[in-house]
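Chemist: Take a look at this one; I'll ask things after.
Residue numbers (mature numbering (1 follows the signal peptide of the UniProt record, and there is no 0)): -18 to -1, 1 to 842.
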């Protein structure tokens, strides 16, 4: 029926509205405003009748194949906001040729020119005949672009097919689009309340999302009503749990405020006194669920383990006693003064990506901690046990720790003396590092440095602190602080490849990253829909079409998998070669070390008394590196002169030198040892001549310094090859990786042929050697034979020096109408020197499959 009688509408200045929209949430008379508008509608017997769906007309022109391909390309925009007016007109003109194979319904309906009766009738007809390929496609029909309640109702019908467990992943977006509903009895409201009755997890998360949404000024009363409806459905027992959680948050907020306001000398005392209030709280309630997760039930706090962090907001670290597993406490951070809604969104989208990988059978070993905004500028953050920041690991390695190659490797080796657990740590790092490279790139996470990258002792890497994303980097004048696409440094590559001993692991890492990237790209529509639904949430860095387009550009849904693989490989190499990342980490380390030293002077270190000494006549006078052999792992030839004038020769690798220094660090304080020459380098860059010079300086300082150090059993065992248990693990450190001398050189290709276009992806090469045995700086040249006019030559970029280079470059030949009798010739060269070649009969090729081809030693 049409509205009749008196209606009161709250008025607000146009400039204060969050968006140019009119919904009941904004018009609530319970929201205090300066002016209230009264409108009197006359009584009438007229009824509004919705238009009937209009059947498809028979006089429509069928589109050509080229037109259908154009429609499919437009559908890859995935968001209505990313379509131009012209593109929308095209989609609407060919609306009856669109289906779930070449387009999505939100794009078609959103391209309608108006909401008049005739157009609406056609929209209903499309809606009724459309077959959804996936229920989540309907999320796009719940955005601000679709106010029609029938369309929104049809979207909810599709979402009802999603399980409650999966619905939890999208709950923040569904709460946001509630503000576009016109009734508290809408299908979406009913869906959320029904699922809350079926699942405590849904009810619990919905409660805190609605609680937090009340901080949106224009929708406060709207969300209050929805929260009241939820509490009515929840029942007394669950409401009692909500009350206890709210009281816990109020106490934490009060404690955090007082700790922050206290002077430095009294801050610890204030915290100790205030923690007694938490203890009193648990004496009263016995048990309480944590707002982060209703499955986490706590029964008290361990006061001695509670503290605060010395950042500007002085967040609290609270150690709760786990009621279900008393042996393990649950540590959380309570923050005030920080808006955690953006962190919540980033972590939620990352969790969605991880679910996508798991559905595809790919476990990226992701650690995604929980984060919850519990009010304006406050919230809880889960602490991950056994984790430390990369900055702290760098500081443990000295002043230039961020510039050293083996910092991460040494840290993990210290925590994993057993080879089996060490290899498991490498595996966890390998997968988690790749996963975080992909997610931080897609979401444009900025302000990345060593203080917000963490490692667990089990090997998992993860990121924290998402105050900046979608490419909104901090600027120094006109220079972006974040200049790498994502964080993947040479020390990470060094750890993955075990110091270069297994260079093929880098190839595997690139393959894993590209596979994970391509899997996520297949779900671009879902990710863009989730972000679009949050455009009106009031987040500082997600509020415009440009923010949405940033993610679209990073997902590149218009690219083929081969094109995307080539693109992401370039991003890996850009990140690996970005020295400003190391410089940024160094600055953070220096700042933290200066803060730490000013706050508390270091305790004096004592020299251990249990050093084992040998007879003076067995000591070493000097040791000098004479040269090195270019094997897969360069080995240095060392001349050792003993004090008794006996001269011997020994071969050692750089990794063995590093392990010697690591063992010495366990016995000697830092001021006794010389600085070990870990210098940063680009992957596969030849630094051996520089290392000879640096290692000779190290040896001179090692043997001419402290007598106890020079005559230590470890040093003598190392240079005189005495077998001791301490260095047992070093005895096999010269073992070659999988690319041993007996393996033949090869090249990995993927060849595809479609619509007269021949595409070759050069993925990797392996076991390359120059005639002198050294590793080449290789590039590939392609020729399509016969080539009477000599126009088919294509050339790749030159890879840095290495025996197992990675390329993932695309070579394209257009207008190739026939492959019978055609031969692809590939020649590998290094600065003009021939390395290898192969001829491939294209008529015998299995297309779109990865294949290794052996490289011959001559051109045929």
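For every residue, glycine included, the Cβ atom is placed at its ideal position computed from N, Cα and C.
Taking the alpha-carbon positions, what's the residue 385 to residue 473 distance?
Modeler: One-based indexing of the chain shown puts residue 385 at position 403. One-based indexing of the chain shown puts residue 473 at position 491. Their Cα atoms are separated by approximately 8 Å.
Chemist: Could you tell me how far apart the beta carbons of residue 429 and residue 449 are, in whole angstroms, since I believe they sit closer than 8 Å?
Modeler: Walking along the chain shown from the start, residue 429 turns up at place 447. Walking along the chain shown from the start, residue 449 turns up at place 467. That pair is a contact at about 6 Å.
Chemist: Using a Cβ-Cβ cutoff of less than 6 Å, which residues in the same chain neighbour residue 538 once the five nearest sequence positions on both sides are dropped?
Modeler: Taking the chain shown and counting its residues from 1, one reaches residue 538 at position 556. If we look at residue 538 and ignore the five residues flanking it on each side, its Cβ neighbours are 546.
Chemist: Are residue 359 and residue 319 close, meaning C-beta to C-beta below 7 Å?
Modeler: Reading the chain shown from its first residue, position 377 is the one you call residue 359. Reading the chain shown from its first residue, position 337 is the one you call residue 319. Going by C-beta atoms, residue 359 is nearer than 7 Å to residue 319.
Chemist: Assign residue 315 to one of three DSSP states: helix, strand, or coil.
Modeler: In the chain shown, the residue the question calls residue 315 occupies position 333. Note: residue 315 maps to strand in three-state DSSP.
Chemist: Report the start-end ranges of each alpha helix (DSSP H) in the stretch 457 to 494 that is 4 residues or longer and not cut off at the edges.
Modeler: For the stretch 457 to 494, whole alpha helix (DSSP H) runs of length 4 or above, ordered along the chain, are 472 to 478.
Chemist: Can the beta-carbon of residue 33 be found less than 7 Å from the beta-carbon of residue 102?
Modeler: Position 51 of the chain shown, counted from the first residue, corresponds to residue 33. Position 120 of the chain shown, counted from the first residue, corresponds to residue 102. Result yes, Cβ atoms of residue 33 and residue 102 sit closer than 7 Å.
Chemist: Compare the beta carbon distance of residue 843 and residue 226 with 7 Å and say whether it is the shorter of the two.
Modeler: The chain is shown only over -18 to 842; residue 843 falls outside these bounds and no answer can be derived.
Chemist: Which runs of the alpha helix (DSSP H) at least 4 residues long sit entirely within the stretch 382 to 414? Give them in chain order.
Modeler: List check, alpha helix (DSSP H) in window: 389 to 397.
Chemist: If you draw a straight line from the alpha carbon of residue 87 to that of residue 55, how long is it in whole angstroms?
Modeler: Along the chain shown, one-based indexing puts residue 87 at 105. Along the chain shown, one-based indexing puts residue 55 at 73. Rounded to the nearest angstrom, the two C-alpha atoms are 15 Å apart.
Chemist: Could you please give the first and the last residue of the uninterrupted alpha helix (DSSP H) stretch that includes residue 205?
Modeler: To locate residue 205, count along the chain shown from 1; it is residue 223. Looking at the DSSP string, the run of the alpha helix (DSSP H) that includes residue 205 is 202 to 216.
Chemist: Measure the Cβ-Cβ separation of residue 544 and residue 743 and say whether it is below 7 Å.
Modeler: Counting from 1 along the chain shown, the entry for residue 544 is found at position 562. Counting from 1 along the chain shown, the entry for residue 743 is found at position 761. Going by C-beta atoms, residue 544 is nearer than 7 Å to residue 743.
Chemist: Using beta-carbon positions only, say whether residue 548 and residue 763 come within less than 7 Å of one another.
Modeler: Working through the chain shown from its first residue, we reach residue 548 at position 566. Working through the chain shown from its first residue, we reach residue 763 at position 781. Going by C-beta atoms, residue 548 is not nearer than 7 Å to residue 763.
Chemist: Going by Cα to Cα distance, which pick from 67, 617, 344 is closest to residue 635?
Modeler: Translated into the one-based positions of the chain shown, residue 635 becomes position 653. Measuring from the Cα of residue 635, the nearest candidate turns out to be 617.
Chemist: Pull up the CB-CB distance for residue 285 and residue 317, whole angstroms please, since I reckon it's below 8 Å.
Modeler: By one-based count along the chain shown, residue 285 stands at place 303. By one-based count along the chain shown, residue 317 stands at place 335. That pair is no contact at about 20 Å.
Chemist: In chain order, what residues of the same chain lie with their CB nearer than 8 Å to the CB of residue 344, ignoring the 5 residues before and after it?
Modeler: As a working mapping, residue 344 is identified with position 362 in the chain shown. Cβ neighbours of residue 344 beyond the five flanking positions: 497, 498, 501.
Chemist: Expressed to the nearest angstrom, what Euclidean distance is found between the alpha-carbon atoms of residue 340 and residue 505?
Modeler: If you number the chain shown from 1, residue 340 lands on position 358. If you number the chain shown from 1, residue 505 lands on position 523. In a straight line, the C-alpha of residue 340 is about 13 Å away from that of residue 505.
Chemist: Helix, strand or coil, according to DSSP, for residue 370 in the structure here?
Modeler: Numbered from its first residue, the chain shown carries residue 370 at position 388. If DSSP states are grouped into helix, strand and coil, residue 370 belongs with the strands.
Chemist: Got a sec? Which residues, its chain only, sit under 7 Å from residue 77 by beta carbon, not counting five neighbours each side?
Modeler: As a working mapping, residue 77 is identified with position 95 in the chain shown. The answer, listed in chain order, is 90, 108.
Chemist: How long is the line joining the alpha carbons of residue 851 and residue 23, rounded to whole angstroms?
Modeler: Residue 851 lies beyond the range of the chain shown here (-18 to 842); nothing can be said about it.
Chemist: Which residue's Cα is closest to the Cα of residue 74: 64, 53, 63, 83?
Modeler: Residue numbering aside, residue 74 sits at position 92 when the chain shown is read from its first letter. Among 64, 53, 63, 83, the Cα nearest to that of residue 74 belongs to 53.
Chemist: Any idea if residue 354 is buried or exposed, counting beta-carbon neighbours within 10 angstroms, 16 or more meaning buried?
Modeler: What you label residue 354 is simply residue 372 of the chain shown in a count that begins at 1. Buried: at least 16 other Cβ atoms inside 10 Å.
Chemist: I'd like the span of the alpha helix (DSSP H) that includes residue 326, first residue to last.
Modeler: The residue given as residue 326 occupies position 344 in the chain shown. Residue 326 -> alpha helix (DSSP H) spans 323 to 341.
Chemist: Who are the Cβ neighbours of residue 710 in its own chain at under 6 Å, not counting the five residues just before and after it?
Modeler: Indexing the chain shown from 1 puts residue 710 at position 728. A caution first: residue 710 carries a pLDDT of 31, below 50, which makes its placement in the model unreliable, though a value can still be read off. No residues qualify anywhere along the chain.
Chemist: First and last residue of the beta strand (DSSP E) that includes residue 742?
Modeler: Indexing the chain shown from 1 puts residue 742 at position 760. It spans 739 to 748 - the beta strand (DSSP E) in which residue 742 sits, taken as one unbroken run.
Chemist: Between which two residues does the alpha helix (DSSP H) harbouring residue 836 extend?
Modeler: Here residue 836 is taken as the residue at index 854 of the chain shown, counted from 1. Segment 832 to 836 is the beta strand (DSSP E) holding residue 836; no alpha helix (DSSP H) there.
Chemist: In whole angstroms, what separates the C-alpha of residue 841 from that of residue 778?
Modeler: One-based indexing of the chain shown puts residue 841 at position 859. One-based indexing of the chain shown puts residue 778 at position 796. Rounded to whole angstroms, residue 841 to residue 778 spans 18 Å at the Cα level.
Chemist: Quick check on DSSP: helix, strand or coil for residue 239?
Modeler: Here residue 239 is taken as the residue at index 257 of the chain shown, counted from 1. In this structure, residue 239 counts as helix in the three-state DSSP scheme.
Chemist: Taking buried to mean at least 16 other C-beta atoms within 10 Å of its own C-beta, is residue 396 buried or exposed?
Modeler: Sequence index remark: in the chain shown, residue 396 carries index 414 (1-based). Residue 396 is exposed by the Cβ-count criterion.
Chemist: I need the DSSP call for residue 105, collapsed to helix, strand or coil.
Modeler: Working through the chain shown from its first residue, we reach residue 105 at position 123. Residue 105 falls in the helix class under three-state DSSP.
Chemist: Roughly how far, in whole angstroms, is the beta-carbon of residue 786 from the beta-carbon of residue 738, given that I think they are within contact range, below 8 Å?
Modeler: Residue 786 sits at position 804 when you count from the first residue of the chain shown. Residue 738 sits at position 756 when you count from the first residue of the chain shown. That belief does not hold up - the Cβ atoms of residue 786 and residue 738 are roughly 34 Å apart, past 8 Å.
Chemist: What does residue 22 pair with, by DSSP beta-bridge criteria?
Modeler: Here residue 22 is taken as the residue at index 40 of the chain shown, counted from 1. According to DSSP, residue 22 bridges with -13.
Chemist: Classify residue 29: buried if its beta carbon has 16 or more other beta carbons within 10 angstroms, exposed otherwise.
Modeler: For the purposes of this step, residue 29 is taken as the residue at position 47 of the chain shown. Exposed.
Chemist: Using three-state DSSP, classify residue 719 as helix, strand or coil.
Modeler: Residue numbering aside, residue 719 sits at position 737 when the chain shown is read from its first letter. Model confidence at residue 719 stands at a pLDDT of 33, short of 50, so the residue's coordinates are unreliable; what they give is reported in the following sentence. The answer is coil: DSSP assigns residue 719 none of H, G, I, E or B.
Chemist: Identify whether residue 596 lies in helix, strand or coil by the three-state DSSP scheme.
Modeler: Residue 596 sits at position 614 when you count from the first residue of the chain shown. Note on residue 596: pLDDT 34, under 50, position unreliable in the model; no value is reported.
Chemist: Helix, strand or coil: which one does DSSP assign to residue 271?
Modeler: What you label residue 271 is simply residue 289 of the chain shown in a count that begins at 1. In this structure, residue 271 counts as strand in the three-state DSSP scheme.
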